[in-house]
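Here the structure comes first, spelled out in structure tokens, and everything after it is commentary.
Protein chains: 2
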Amino acid sequence: MTAKTVLIVDDEASIREMIAVALEMADYHVLEADNAQTAHAMVVDDQPDLLLLDWMMPGTSGIELARRLKRDTATAELPIILLTAKSEEDNKIQGLEAGADDYITKPFSPRELVARLKAVLRRATPTGVEETVEIDGLRLDPVSHRVSANGEALDVGPTEYRLLQFFMTHQERAYTRSQLLDQVWGGNVYVEERTVDVHIRRLRKVLGDDHQHLIQTVRGTGYRFSTKE
Amino acid sequence: MTAKTVLIVDDEASIREMIAVALEMADYHVLEADNAQTAHAMVVDDQPDLLLLDWMMPGTSGIELARRLKRDTATAELPIILLTAKSEEDNKIQGLEAGADDYITKPFSPRELVARLKAVLRRATPTGVEETVEIDGLRLDPVSHRVSANGEALDVGPTEYRLLQFFMTHQERAYTRSQLLDQVWGGNVYVEERTVDVHIRRLRKVLGDDHQHLIQTVRGTGYRFSTKE
DNA sequence: CGCGATTGTCACGAAGCTGTCACATTAGCG
DNA sequence: CGCTAATGTGACAGCTTCGTGACAATCGCG
Chain A
1 MTAKTVLIVD DEASIREMIA VALEMADYHV LEADNAQTAH AMVVDDQPDL
51 LLLDWMMPGT SGIELARRLK RDTATAELPI ILLTAKSEED NKIQGLEAGA
101 DDYITKPFSP RELVARLKAV LRRATPTGVE ETVEIDGLRL DPVSHRVSAN
151 GEALDVGPTE YRLLQFFMTH QERAYTRSQL LDQVWGGNVY VEERTVDVHI
201 RRLRKVLGDD HQHLIQTVRG TGYRFSTKE
Chain B
1001 MTAKTVLIVD DEASIREMIA VALEMADYHV LEADNAQTAH AMVVDDQPDL
1051 LLLDWMMPGT SGIELARRLK RDTATAELPI ILLTAKSEED NKIQGLEAGA
1101 DDYITKPFSP RELVARLKAV LRRATPTGVE ETVEIDGLRL DPVSHRVSAN
1151 GEALDVGPTE YRLLQFFMTH QERAYTRSQL LDQVWGGNVY VEERTVDVHI
1201 RRLRKVLGDD HQHLIQTVRG TGYRFSTKE
């Protein structure tokens, strides 16, 4: 699973710092901005997965930014968490009405922050299409997360599962090891290319004699999933 | 369609009267209570379709009652509208967090009241018929709120019960810890994902050797309830 | 208030998975 | 047929995920 990117917007550097540390420890990718204008630009350019927004800021206030982002279709889906000081608590409602998905009152614990953030992201992340694929008696069901060959259950590990899923939904096309690393492992991992070979082998082994011919070696290039030949 | 039953809970008789008249004109069936204890009993006994609850009441406050009702599986589905006085507006959020589905600020017009009430009832999930589920000798009865294995009663805690109920009505599908937190714990609760593991274990323990195989671990993903394999 | 039940967290160990290496095997080519 | 580069394969150390028991905090109920 790819790391989520969080954009922190607050005019106090110390606060940003504190939050950034907490988030990085929880494996989030962090961006920072200290005013609404910069923030708006970064939202557009960097497309973060979540916005942590201070309520009170010089110039355009946080709430104003939130409202603007929610109004624009391109950014309306971006989840926003508002940071509010204790004394501003009365404004919570206004904040939520502006389209924020949650609010946190300062001071807050890093734990709470991360927890809320997770909850918001969880609610926001849509689930992909989940259709069962069946090829040549080999069946992969994303709903139950099961793989079977001619009705018999196969014991597939997580990476093998992802690899197989990718192949079954991208048949008849050769992929380089590099492309497979991107698609199956996720963009920013550093792994030896030969690692792909090993997983291919593991997958073939699991598929057994009946189906391992579906995964074909394309010498000098990579691998292909195909029913032909 | 049968007339909906609305339970009004407020300690001021005049307010109840006013609301009752408005609702009866709109063809609702009306029940009244003037304190939280009576209200709780009536919810259980008379099973109203909606609860109109005053925030401030002597003894157990309205919000407290709301929280309690939402926590109990048997009554969690009951839609609640909170009545709050103008000066208490800050508490809206607290009210919504307690599980209320809407709130109305006094003073309000009868027309507004009826409109909101309709909206809430419309939104309210036509809660699936509370039917007993039985799988493989494991039986869960939502009405009596009991679980038994091969006829023998099992002692399941509240969370285990909800978890089991969810699983038994959603078989053959792998859920992530996140999804389970959403579905079983409720959307905006901030809990560690590993907590799910612990409750899974507790549930498995209660189910005993005969049935714990029904709850399967999907490595790298989460859990699944299934009779197969 | 006090008691038992329930709940969320943690720490630790077990089990499973992953990436990498070294070496074996194979395909392609002159 | 011999050579080389590419791929297959088995082993393994390190890492991640999961199961489990313990514990403190909180809740519900007298």
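As you go down the protein sequences, you meet chains A and B in turn.
For the first sequence, the positions run 1 to 229 when the working numbering is used.
For the second sequence, the positions run 1001 to 1229 when the working numbering is used.
Cβ atoms here follow ideal geometry from the backbone N, Cα and C, with glycine treated the same way.
Since we're looking at a predicted model, the values are computed, not measured.
(request) Please confirm if Gly220(A) has its CB atom under 8 angstroms from at least one CB of chain B. (result) no
(message) By alpha-carbon positions, which one of Val1143(B), Pro1048(B), Leu1164(B) and Tyr1190(B) ends up nearest to Lys1205(B)?
(response) Leu1164(B)
(request) Count the other C-beta atoms from every protein chain shown that fall within 10 angstroms of the C-beta of Ser233(A), then say buried if there are 16 or more, exposed otherwise. (result) Missing from the structure shown is residue 233(A); chain A here goes from 1 to 229 and no further.
(message) Alpha carbons only, please: which of Arg1219(B), Tyr1223(B), His1213(B) and Val1218(B) is nearest the one belonging to Glu1229(B)?
(response) His1213(B)
(message) Rounded to whole angstroms, what is the Cα-Cα separation between Lys4(A) and Asp11(A)?
(response) 23 angstroms
(request) Using three-state DSSP, classify Thr1066(B) as helix, strand or coil. (result) Here residue 1066(B) is Ala; the residue named in the question, Thr, does not match the sequence. Three-state result, Ala1066(B): helix.
(request) Would you check if there are 3 or more beta carbon pairs closer than 8 angstroms linking the stretch 134-149 of chain A to the stretch 182-197 of chain A? (result) no
(request) Out of His29(A), Thr195(A), Trp55(A) and Glu160(A), state which residue places its alpha-carbon closest to the alpha-carbon of Val9(A). (result) Trp55(A)
(request) Starting from the Cα of Leu1181(B), find the closest Cα among Leu180(A), Val120(A) and Thr159(A) and give me that residue. (result) Val120(A)
(message) Given this structure, state the Cα-to-Cα distance separating Asp1034(B) from Leu117(A), to the nearest angstrom.
(response) 40 angstroms
(request) Give the residues of chain B in contact with His199(A), contact being defined as C-beta atoms less than 9 angstroms apart. (result) Neighbours of His199(A) on chain B: none; closest Cβ ~14 angstroms, over 9 angstroms.
(message) On the criterion of 16 or more Cβ atoms from any shown chain inside 10 Å, does Met1168(B) qualify as buried, or is it exposed?
(response) buried
(message) Short of 8 angstroms in beta carbon distance, which residues of its chain neighbour Val1006(B), apart from the five on each side in sequence? Order them along the chain.
(response) Leu1023, Tyr1028, His1029, Val1030, Leu1031, Pro1048, Asp1049, Leu1050, Leu1051, Leu1052 and Leu1117
(message) Just checking: is the beta-carbon of Val206(A) within a distance shorter than 8 angstroms of some beta-carbon in chain B?
(response) no
(message) Strictly by DSSP, which residues pair up with Ile135(A)?
(response) Leu138(A)
(message) Tell me which residues share the same chain as Val218(A) and place their Cβ nearer than 8 angstroms to its Cβ, disregarding the 5 neighbours each side in the sequence.
(response) Ala174 and Arg224
(message) Taking only three categories from DSSP, how would you classify Glu1152(B)?
(response) strand
(message) I'd like to know if Tyr1190(B) contacts chain A, where contact means its C-beta is closer than 8 angstroms to some C-beta of that chain.
(response) yes
(request) Please look up how many angstroms separate the CB atoms of Ala1149(B) and Leu1207(B), rounded, as I've assumed it's under 8 angstroms. (result) 7 angstroms
(request) Using only alpha-carbon positions, find the residue among Glu172(A), Leu113(A), His211(A) and Leu82(A) that is nearest to Gly222(A). (result) Glu172(A)
(request) Have a look at the DSSP bridge pairing and note the partners of Val1032(B). (result) Note that residue 1032(B) is Glu in the sequence shown, not Val. Paired residues: Ile1008(B).
(message) Considering only their Cβ atoms, is the gap separating Leu78(A) from Gly62(A) smaller than 8 angstroms?
(response) no
(request) Reducing DSSP to helix, strand and coil, say where Leu50(A) ends up. (result) strand
(message) Using the three-state DSSP reduction, which class does Gln1216(B) fall into: helix, strand or coil?
(response) strand
(request) Using the Cα positions of Asp210(A) and Val43(A), report the straight-line distance between them to the nearest angstrom. (result) 50 angstroms
(request) Consider the C-beta atom of Leu1138(B) and the heavy atoms of the ligand MG; say whether any pair is separated by less than 7 angstroms. (result) Judged by which ligands are present, the structure shown has none, so any question about the ligand MG falls away.
(request) For the beta strand (DSSP E) containing Tyr175(A), list its first residue and its last residue. (result) Ala174 to Thr176
(message) Suppose the cutoff is 8 angstroms on Cβ atoms and the five residues either side in sequence are ignored; what does the same chain contact list for Ser1226(B) look like?
(response) Gln1171, Glu1172, Leu1214 and Gln1216
(message) According to DSSP, simplified to helix, strand and coil, what is Leu1078(B)?
(response) coil
(request) Take Val1184(B) as the anchor and find which of Arg1162(B), Ser1014(B) and Arg1016(B) has the nearest alpha-carbon. (result) Arg1162(B)
(message) Counting only beta-carbon separations shorter than 8 angstroms, does Arg1173(B) have a partner in chain A?
(response) yes
(request) Check the Cβ of Arg1116(B) against every Cβ in chain A and list those closer than 9 angstroms, keeping chain order. (result) Neighbours of Arg1116(B) on chain A: none; closest Cβ ~16 angstroms, over 9 angstroms.
(request) Please state whether DSSP places Tyr223(A) in a helix, a strand or coil. (result) strand
(message) On the criterion of 16 or more Cβ atoms from any shown chain inside 10 Å, does Glu89(A) qualify as buried, or is it exposed?
(response) Residue placement at Glu89(A) is flagged as unreliable, the pLDDT there being 48, under the threshold of 50; a coordinate-derived value is accordingly withheld.
(message) Quick check on DSSP: helix, strand or coil for Asp102(A)?
(response) strand
(request) Label Arg16(A) either buried or exposed according to how many other C-beta atoms from any shown protein chain fall within 10 Å of its C-beta, with 16 as the threshold for buried. (result) buried
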